[in-house]
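Asks: I'd like to ask you about the structure that follows.
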Amino acid sequence: MGAFILFLCLLAPFVILACALSAKKRRSSSSSSGGKGSLPLPPGTMGWPYVGETTQLYSSKNPNVFFARKRNKYGPIFKTHILGCPCVMVSSPEAAKFVLVTQAHLFKPTFPASKERMLGRQAIFFQQGDYHAHLRRLVSRAFSPDSIRGSVPAIEAIALRSLRSWDGLQVNTFQEMKTYALNVALLSIFGDEEMQYIEELKQCYLRLEKGYNSMPVNLPGTLFHKAMKARKRLGAIVAHIMSARREQERGNDLLGSFMDGKEALTDEQIADNAIGVIFAARDTTASVITWMVKFLGDNPAVLKAVTEEQAAIAREKELSGEPLSWADTRRMRMTGRVIQETMRVASILSFTFREAVEDVEYQGYLIPKGWKVLPLFRNIHHNPDHFPSPEKFDPSRFEVAPKPNTFMPFGNGNHSCPGNELAKLEMLVFCHHLTTKYRWSTSKSESGVQFGPFALPINGLPMTFTRKDDSA
Ligand code: HEM
4 MGAFILFLCL LAPFVILACA LSAKKRRSSS SSSGGKGSLP LPPGTMGWPY VGETTQLYSS
64 KNPNVFFARK RNKYGPIFKT HILGCPCVMV SSPEAAKFVL VTQAHLFKPT FPASKERMLG
124 RQAIFFQQGD YHAHLRRLVS RAFSPDSIRG SVPAIEAIAL RSLRSWDGLQ VNTFQEMKTY
184 ALNVALLSIF GDEEMQYIEE LKQCYLRLEK GYNSMPVNLP GTLFHKAMKA RKRLGAIVAH
244 IMSARREQER GNDLLGSFMD GKEALTDEQI ADNAIGVIFA ARDTTASVIT WMVKFLGDNP
304 AVLKAVTEEQ AAIAREKELS GEPLSWADTR RMRMTGRVIQ ETMRVASILS FTFREAVEDV
364 EYQGYLIPKG WKVLPLFRNI HHNPDHFPSP EKFDPSRFEV APKPNTFMPF GNGNHSCPGN
424 ELAKLEMLVF CHHLTTKYRW STSKSESGVQ FGPFALPING LPMTFTRKDD SA
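So the sequence shown is numbered by this note's numbering: it starts at 4 and just counts up by one.
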């Protein structure tokens, strides 16, 4: 959390200046828009000029406390002013659906320009309209159940390799899970035949990641500059992989989907999106698995039920001599509920950002053009009206399907997560081997949450994993 706050504090003056200038431009253009201009703004406070309520948000140790306090005071839609940007926060299922699904064309994705430069301007997250729909088709095809079902043995091999490498050691669970998630992401993007390039690709990606949250100052020696250099090299490595691929048949992986026939993307579009998908896949999945390990460790009855479910499948596999299959993962119902409840309680993506592309009316309120709009996933997932005793970890609540739009760990609408089936698959496969072969102990003294930017157990959850047959 400390590093995150430090980063925001360093960034704040630049962001505030940029937002203040664009707010000035917006004020002069929206005064002529008429029509909806007479509607009231949502309730809430905007804080100090320019700075807004940024200090209140970041002086609370946990940003969710700030959002919850506002929601209790003003209701499910309220205005505020953060990092120089006027914002409307929405925390009811209906309002989130309005922004992300039914009126999604009125709200565009929004990211700082430096992030777009670093990931690649043609990456899927930043797009709308026809190009976005084209990318979605190609990405969804590569991550559909039909495309990924054959990758279970390869994912299993990656999970086993990870677990073996930590045997008996104290590890930082999150860091280790990042390695697992990166290896699975690379497999799903490039297949398993590009090994000669993969090591260098990983090293460059790690350099890019180091500079991702740094000050966007592109001068020699800065982390940002090193990251931009690594980004350039990554583009060149992806180009090598593409030219090798042109000699072969199209694979079932993401690269194959991007390079396929009439729908094929340009080389630059492919590089931006391959790198973008690594980015989307890695820390998200690693954070959720880290929380799952923690919740299982903290809830022995749940761990027992999951272990029994997985041990029954493992026994069958041993008798038949067959490897774990896609069909087996569909039978992991208890484990599936644990994953759902982990994603609800942890809500690693507390919210997402959109920007109103015109003046929008919602329930008699005005959302002015240019304002940021933040659907607050975590507040929705922690609303006691939909999830009684919301702080309690209780996977049995998912024995009944949640009400529509109350549970959105993978977002909603046309930017929702196209990698969700792969993410669930890699979590199920990992959990199968973790619970049947290993025991682990958490340091109880270390409880707490850090944000970096995803919610994580404090210090990445230091943990010792030991093989069950060694310690029995
Ligand atoms: C448990 C792990 C994951 C979680 C919780 C998660 C969550 C999300 C969420 C909430 C969004 C929507 C963001 C928004 O609307 O602004 C999203 C988008 C996305 N995710 Fe995931 N994700 C996960 C894993 C993955 C994986 C494994 C992949 C790919 C292999 C992936 C690829 C993407 C992509 C490409 C987008 C952008 C889609 C678009 O803009 O059209 N994610 N993810």
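Where a beta carbon is used, it is the ideal one built from N, C-alpha and C, also for glycine.
Tell me the DSSP secondary structure of Cys22 in three-state form.
Replies: With a pLDDT of 49 at Cys22, under the threshold of 50, the predicted position of this residue should be treated as unreliable, though the coordinate-derived value follows. Three-state result, Cys22: helix.
Asks: Verify whether the separation of the beta carbon atoms of Leu464 and Val296 is less than 9 Å.
Replies: Yes; because the gap between Cβ atoms is below 9 Å, this pair is in contact.
Asks: Quick one: Cα of Ser191 to Cα of Ile151, how far?
Replies: Those two C-alpha atoms are separated by around 8 Å.
Asks: Hey, Ala107 and Asn462: beta-carbon distance below 9 Å or not?
Replies: It is not a contact, given that the beta carbons lie outside the stated cut-off.
Asks: Our contact map puts Ile370 next to Met411 with C-beta atoms below 8 Å; I'd like the distance itself, whole angstroms only.
Replies: With a Cβ gap of about 20 Å, Ile370 and Met411 do not count as contacting.
Asks: Rounded to whole angstroms, how far is the Cβ of Thr439 from the Cβ of Ala314, which I believe are closer than 8 Å?
Replies: That belief holds up - the Cβ atoms of Thr439 and Ala314 are roughly 5 Å apart, short of 8 Å.
Asks: For Leu103, which of helix, strand or coil comes out of DSSP?
Replies: It is helical.
Asks: Distance, Cα to Cα, Pro157 vs Ala242?
Replies: According to the sequence displayed, residue 157 carries Ala and not Pro. Approximately 24 Å between the Cα atoms of the pair.
Asks: Taking 9 Å as the threshold (C-beta atoms), are Lys181 and Arg210 in contact?
Replies: Cβ distance not < 9 Å, so Arg210 and Lys181 don't count as in contact.
Asks: By the three-class DSSP mapping on this structure, what secondary structure does Ser31 have?
Replies: Residue confidence is low: Ser31 scores 42 on pLDDT, short of 50, so the model does not pin down where it sits. Its coordinate-derived value is still stated next. In this structure, Ser31 counts as helix in the three-state DSSP scheme.
Asks: Tell me whether Lys471 is buried or exposed, calling it buried when 16 or more other Cβ atoms sit within 10 Å of its Cβ.
Replies: Classification for Lys471: exposed.
Asks: Between the region 80-99 and the region 48-58, do at least 3 Cβ pairs fall closer than 8 Å?
Replies: Touching, per the Cβ criterion.
Asks: State the Cα-Cα distance for the pair Lys28 and Thr288, rounded to the nearest angstrom.
Replies: Low confidence applies to Lys28: its pLDDT is 48, below 50, so where it sits in the model is not reliable, and the reading given next is rough at best. Lys28 and Thr288: Cα-Cα distance of roughly 39 Å.
Asks: Just to confirm, does Cys434 get its C-beta within under 8 Å of one of the non-hydrogen atoms of the ligand HEM?
Replies: Every heavy atom of the ligand HEM is 8 Å or more from the Cβ of Cys434, so no.
Asks: How many Å lie between Asn175 and Met466 at the Cα?
Replies: Their backbone Cα atoms lie some 6 Å apart in a straight line.
Asks: Got a sec? Which residues, its chain only, sit under 7 Å from Phe282 by beta carbon, not counting five neighbours each side?
Replies: The residues are Leu122.
Asks: So Ala315 is in the alpha helix (DSSP H); what residue range does that whole segment cover?
Replies: First-last of the alpha helix (DSSP H) with Ala315: Pro303 to Ser323.
Asks: If we ignore side chains and look at the alpha-carbon of each, how far apart do Glu119 and Pro223 end up?
Replies: Approximately 20 Å between the Cα atoms of the pair.
Asks: Hey, how far is the Cα of Asn75 from the Cα of Ser94?
Replies: One C-alpha to the other measures close to 11 Å.
Asks: Are three or more beta carbon pairs between the region 415-430 and the region 136-148 nearer than 8 Å?
Replies: As far as the Cβ criterion goes, the region 415-430 touches the region 136-148, which means the pair count is three or higher.
Asks: Relative to the alpha-carbon of Ala349, which residue among His385, Trp329 and Glu321 has its alpha-carbon at the smallest distance?
Replies: Comparing Cα positions, the closest option is His385.
Asks: Would you say the beta carbon of Thr105 is closer than 8 Å to some non-hydrogen atom of the ligand HEM?
Replies: Every heavy atom of the ligand HEM is 8 Å or more from the Cβ of Thr105, so no.
Asks: Where Asn67 and Ser353 are concerned, what is the direct C-alpha to C-alpha distance, given to the nearest angstrom?
Replies: Each residue's Cα considered, the two are about 8 Å apart.
Asks: Under DSSP, the alpha helix (DSSP H) around Cys90 begins and ends at which residues?
Replies: From DSSP, Cys90 is part of no alpha helix (DSSP H) but of the beta strand (DSSP E) over Cys88 to Val93.
Asks: Out of Ala99, Arg285 and Pro393, state which residue places its alpha-carbon closest to the alpha-carbon of Gln178.
Replies: Ranking the options by Cα distance to Gln178, first place goes to Arg285.
Asks: Can you list the beta strand (DSSP E) stretches of 3 or more residues lying completely in the region 100-180, in chain order?
Replies: Listed in chain order, they are 110-112 and 173-175.
Asks: Counting only the same chain and skipping the five closest in sequence on each side, list residues whose C-beta sits under 7 Å from that of Leu163.
Replies: Counting only Cβ-Cβ distances below 7 Å, and skipping sequence neighbours, we find His436.
Asks: Which stretch, first to last residue, makes up the alpha helix (DSSP H) that contains Leu437?
Replies: Asn423 to Lys440 is the extent of the alpha helix (DSSP H) around Leu437.
Asks: Assign Gln366 to buried or exposed, taking buried as 16 or more other Cβ atoms, counted over all protein chains shown, within 10 Å of its Cβ.
Replies: By the 10 Å Cβ count, Gln366 comes out exposed.
Asks: Is Arg381 near the ligand HEM, in the sense that its beta carbon is under 8 Å from a heavy atom of that ligand?
Replies: It does not: the Cβ of Arg381 is nowhere closer than 8 Å to a heavy atom of the ligand HEM.
Asks: Could you check the C-alpha separation between Pro460 and Gln173 for me, to the nearest Å?
Replies: Their backbone Cα atoms lie some 16 Å apart in a straight line.
Asks: Measure from the alpha carbon of Glu402 to the alpha carbon of each residue in Val341, Ser290 and Trp329, then state which is nearest.
Replies: Of the candidates Val341, Ser290 and Trp329, the one whose C-alpha sits nearest the C-alpha of Glu402 is Val341.
Asks: Is DSSP giving His243 helix, strand or coil here?
Replies: Correct three-state label for His243: helix.
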